[in-house]
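Residue numbers (the UniProt record's numbering): 1 to 272. In what follows, a single structure is set out as structure tokens and then discussed.
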């Protein structure tokens, strides 16, 4: 919205109410804190800063010829005056380069921003209409606003977290306020989901370590033992990639555990 809208008291009152409604809706859940990537604006800004550098480079290149020496037969230029002009341009180069680097970084971030899933956008459009959040919705209705909509999350969601987002029955398991469940789009506790996800991941990895140990103690065939070890290594890799995005340490622990099992198995095979 334009700053001029606050100069009129009546407009300022209505605009303030819209802002408050949007803020209250965003505070209900972290998933409601959305933003547009503004890829088009970042691209224009990048080319604007790039154009400024091109102009500076061209001017310095022209003056540089005068300092080094022109073509034979041409009048000798005033080197001192040229040096002063180059010095004045160099004072602009540092800030121009910083602005260009900042624009490049901002554009890269906008391109790499995580996209909001389509199922969430459909729910968001429906809820913002029913709750009269016209100002919140109007920020994304223009041009391709919904297509470049991105989450403003501190950490990426894991596999289980995404399943909870898609399933209304699972949301009720982690609900924050059961009485307000019908009026709020996403009322489940994201913290509770992450804790459950981490607990489930560690339980799965413990089972992935214990089951092959028990199986290897009963199986005498060497080929069968190798198949069990390699099979569970592949299974642990699949589970690690599916369940969560923060399982690097657990994955390393599982691989180390299987390495130990394999070493013991090979040692016993050689002794026998």
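Note that the Cβ used here is the ideal one computed from N, Cα and C, for glycine as well. Note that the coordinates shown come from a computational prediction; the quantities given were computed from them, not determined experimentally.
With respect to the C-alpha of residue 96, the residue from 106, 127 and 49 having the closest C-alpha is 49. For residue 35, no alpha helix (DSSP H) encloses it; the enclosing beta strand (DSSP E) starts and ends at 34-36. Around the CB of residue 165, 16 or more other CB atoms lie within 10 Å, so the residue is classed as buried. Residue pairing for residue 115: DSSP places it in a beta bridge opposite 150. For a cut-off of 8 Å, the C-beta gap from residue 46 to residue 113 is around 15 Å, too long to register as a contact. With a threshold of 16 other beta carbon atoms within 10 Å, residue 105 falls short and is exposed. By the Cβ-count criterion, residue 188 is buried, with 16 or more other Cβ atoms from all chains shown falling within 10 Å of its own Cβ. Ranked by Cα distance from residue 63, the options 52, 54 and 83 are led by 83. In this structure, the CA atom of residue 40 is about 46 Å from the CA atom of residue 203.
Of 225, 234, 228 and 129, the smallest CA-CA separation from residue 21 is found for 129. Note on geometry: alpha-carbon atoms of residue 107 and residue 121 lie some 23 Å from one another.
For residue 198, the enclosing alpha helix (DSSP H) starts and ends at 190-218. Here residue 170 has 163 and 164 as same chain residues with Cβ atoms under 7 Å from its own Cβ, once five neighbours each way along the sequence are excluded. Between residue 149 and residue 116, the CB-CB gap stays under 8 Å.
With fewer than 16 other Cβ atoms inside 10 Å of its own Cβ, residue 220 counts as exposed. Annotation for residue 172: the continuous alpha helix (DSSP H) segment containing it runs 168-173. Contact between residue 192 and residue 174 is confirmed by a C-beta separation of about 5 Å, below the 8 Å threshold. DSSP places residue 22 in the helix class (H, G or I) of the three-state scheme. C-alpha of residue 217 to C-alpha of residue 159: approximately 33 Å in a straight line.
DSSP places residue 15 in the helix class (H, G or I) of the three-state scheme. By the neighbour-count criterion, in which a residue is buried when 16 or more other Cβ atoms sit within 10 angstroms of its Cβ, residue 17 is exposed. In the displayed model, residue 165 falls within a helix according to three-state DSSP. The beta-carbon distance between residue 56 and residue 88, rounded to whole angstroms, is 11 Å. This is too long to meet the 8 Å contact definition.
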